[in-house]
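So the structure is just underneath, and the comments pick up after that.
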Amino acid sequence: MRIVSVTAMALRLAKFAGLAVAGAAVGALMLAERARPLRQRTAQQLPRVARNAAMGAACQAVIMATEAPLTQTIARANNRNRRGLQHAIGGLPGRIAAFVLMDYTYYLWHVATHKVPFLWRFHRVHHVDPDLDMSTAIRFHALDMLLSTPMRMMQMRLSGADPETHNAWRGFFFGSVLFHHSNLRLPGGVDDALSTVLTTPRMHGIHHSVERDEMDSNWSSGISIWDHLHGTYRGDVPQHEIVIGVDDAQADRDAALIPAMAAPFRTGGNRRG
């Protein structure tokens, strides 16, 4: 019993330490994007960040009620039944393959949220933010999270990811989303070098442009190789020339909290520019 209790305490301490490290990393990134901004801000920051945080809280509630328990159940079943890509390959190569497949399927889903009109109505709420920083990373319509749940379930089943692999990818994905939405100006050619393998702030800044041909690029959310392979990578747009947002008549109104929640259900104003 004593060994079990010590082990349980060690696991709790490890989890707490992991959360502390993650919190410190997020805090450091928040300070860094303010100290070295990549783009000039255009809107009042406090109300903007507050409404983005409110949207993020609603999204997290939906995720914890739907996606999280479903994907965890599938991950445990993958491990128990030895099914999916990870277990077909086996060992570390299988884990890597499952990780890569989950990242690629999210690239395809991101493209779909722009190309399928019904999905765009909800994803547009993310893009109407007039500035782009870490708070934008959590600014989504709560139903956008619900709509992605069937994709996440299929992603988990095909990849065969067990709980450990899934947790590794999920941690990488959320860290990447916070990083590439940040308004952080990296020194020298660091951003260009990183963008050969990872999604970076400059890459994602182009994706959040109001210009259609710029928005239709840099779809990757983690590993950037998918944009390079599909010919959707762009790095040729100077950040000071980018206007962040959506080019439609209702974008300014729908940046606010309540209009943003109602926006997908209105007629008009949801078409891509």
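Numbering (this note's numbering), first residue to last: 3 to 275. Think of the CB as a built atom: it goes at the ideal place given N, C-alpha and C, for glycine as much as any other residue. Nothing here was measured: the structure is a model prediction, and the numbers come from that model.
Item to check | Touching by the beta-carbon criterion (3+ pairs, under 8 Å), the segment 131-141 and the segment 45-54 | outcome: yes
Checklist entry - Since Ile65 is in the alpha helix (DSSP H), which residue starts that stretch and which ends it? => result It is not in any alpha helix (DSSP H) - Ile65 carries neither H nor E in the DSSP assignment.
Item to check | As assigned by DSSP and simplified to three states, the class of Pro203 | outcome: helix
Next on the checklist: Assess contact between the segment 115-132 and the segment 78-90, defined as three or more Cβ pairs (one per stretch) separated by less than 8 Å. Is contact present?
Outcome noted: no
Item to check | Per-residue DSSP class, three states only, for Pro1 | outcome: The structure shown does not extend to residue 1, since the chain is modelled only from 3 to 275, so the question has no answer here.
Next on the checklist: Just to check my reading of the structure: Trp221 and Asp229 have Cβ atoms closer than 8 Å, yes? What is that Cβ distance to the nearest angstrom?
Outcome noted: 6 Å
Checklist entry - Pro119 by DSSP, collapsed to three states: which one? => result helix
Item to check | Under the three-state DSSP convention, the category Ile225 falls into | outcome: strand
Next on the checklist: Measuring straight from C-alpha to C-alpha, what distance separates Leu72 and Met147?
Outcome noted: 13 Å
Next on the checklist: Quick check: the segment 181-199 against the segment 87-100, are at least 3 beta-carbon pairs closer than 8 Å?
Outcome noted: no
Checklist entry - Of all the options Glu166, Ala257, Thr115 and His206, which has the alpha carbon lying nearest to the alpha carbon of Leu145? => result Thr115
Item to check | Cβ-Cβ distance between Ser178 and Met205 below 8 Å | outcome: no
Checklist entry - Among Leu160, His128 and Ala34, which residue has its Cα nearest to the Cα of Tyr106? => result Leu160
Item to check | Through-space distance from Arg78 to Pro240, alpha-carbon basis | outcome: 45 Å
Next on the checklist: Which runs of the alpha helix (DSSP H) at least 4 residues long sit entirely within the segment 225-268? Give them in chain order.
Outcome noted: 227-232, 253-256 and 259-264
Next on the checklist: Measuring straight from C-alpha to C-alpha, what distance separates Pro203 and Gly237?
Outcome noted: 11 Å
Checklist entry - Got a sec? Which residues, its chain only, sit under 8 Å from Ser211 by beta carbon, not counting five neighbours each side? => result Met217, Val239, Ile244, Val245 and Ile246
Checklist entry - What does DSSP give as the partner residues of Pro39 in its beta bridges? => result Leu186
Checklist entry - Can you name the residues that DSSP bridges to Ser211? => result Ile246
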